[in-house]
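Just so you know, we're using this note's numbering here: the sequence shown kicks off at 16 and counts up by one. Don't be surprised by glycine CBs; every beta carbon is placed ideally from N, CA and C.
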Amino acid sequence: MNQNTANNSTVAFKPWPTIGYGVAVYIGSTVIGVWLLALLSMAFMNEAIDISPVVEGNITPELAYYFLQLVCISAVVGSAIIYYLTRTRLKAGTDAYLGVTPVSWKQMQPWLWLAFGYVFISGIVTTVYDSMSDPTPVLDPLAMLDPSLMLLVTIIIAVPMWEELLFRGFIFEGLKNSPLGVNGAILLSSVWWAGMHTNYNLGGLIVILIFGILLGLARARFNSVLLPIAMHSIYNGVILVLSKVAS
């Protein structure tokens, strides 16, 4: 990293503003996603989205598809907000701050294989955990959906891009330039990311936390968020395929 980029990274966002902006962007992107989805539903289907089954604890296939659309829209909106927010502060150096810098294929390969292998390791861990305890019922609307182009785009492209830009891009960089340092930034961003997965049981949360740490290590090792995005995409893609095969 050159000296100018390092200086830009240092003064861009302090730790508390980083956390505050991170929370605001996550909530804001979800709110905007809900608003846009409702608007599109009224414009193209001329009807409001009925969420009454959710209140009763039931998810219909129709609502699951709406949820998929919401996730995709929110991911695109959130990614755009993060990039715009960083660009308004830095002007030049936005890509470097967020880690949008290339990594050679040779450097990426071991980490991509690590992500691929971790899918199966995590599967064993969660299976053993569930066999030793009462599995917590998981409400996963996306598991109800048949394979489709939109499902693939959302799970393999949109979600990894959005979550990695936020956690291993924006939040990691803001915390790294604080007394927490690189290790603290990796751990805190991973705990925060794992905590978002509220539909997982304890075993699942541990698996997500460890994977988040691996993503953070990849980000720190190569100073790039593109590798964590690729690792995240592989993880989600393999999980999606295995879940559909199992069902």
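The beta carbons of I221 and V134 sit no closer together than 9 angstroms.
In the DSSP annotation of this structure, the continuous segment of the alpha helix (DSSP H) that includes N198 starts and ends at G196 to G210. Taking all protein chains in view, the Cβ of K191 is crowded by 16 or more other Cβ atoms within 10 Å, so the residue is classified as buried.
Taken atom to atom, the span from the alpha-carbon of V115 to that of Q84 is near 26 angstroms. M176 sits buried, since 16 or more C-beta atoms from the chains shown fall within 10 Å of its C-beta. Taking C-beta atoms under 8 angstroms as the contact rule, V253 and F131 qualify, at a distance of about 6 angstroms. Take the alpha-carbon of T103 and the one of E77: they are about 39 angstroms apart.
When C-alpha distances from V168 are compared across L229, V91 and S193, the shortest belongs to V91. Put simply, the region 92 to 99 does not touch the region 212 to 220. Fewer than three CB pairs are less than 8 angstroms apart.
Rounded to whole angstroms, the separation of the alpha carbons of S204 and L195 is 11 angstroms. For I221, the enclosing alpha helix (DSSP H) begins and ends at L217 to F237. Between V38 and F185, the gap from beta carbon to beta carbon reaches 9 angstroms or more. If you draw a straight line from the Cα of I244 to the Cα of L181, it is about 11 angstroms long. The three-state reading of DSSP puts D110 in helix, counting H, G and I together.
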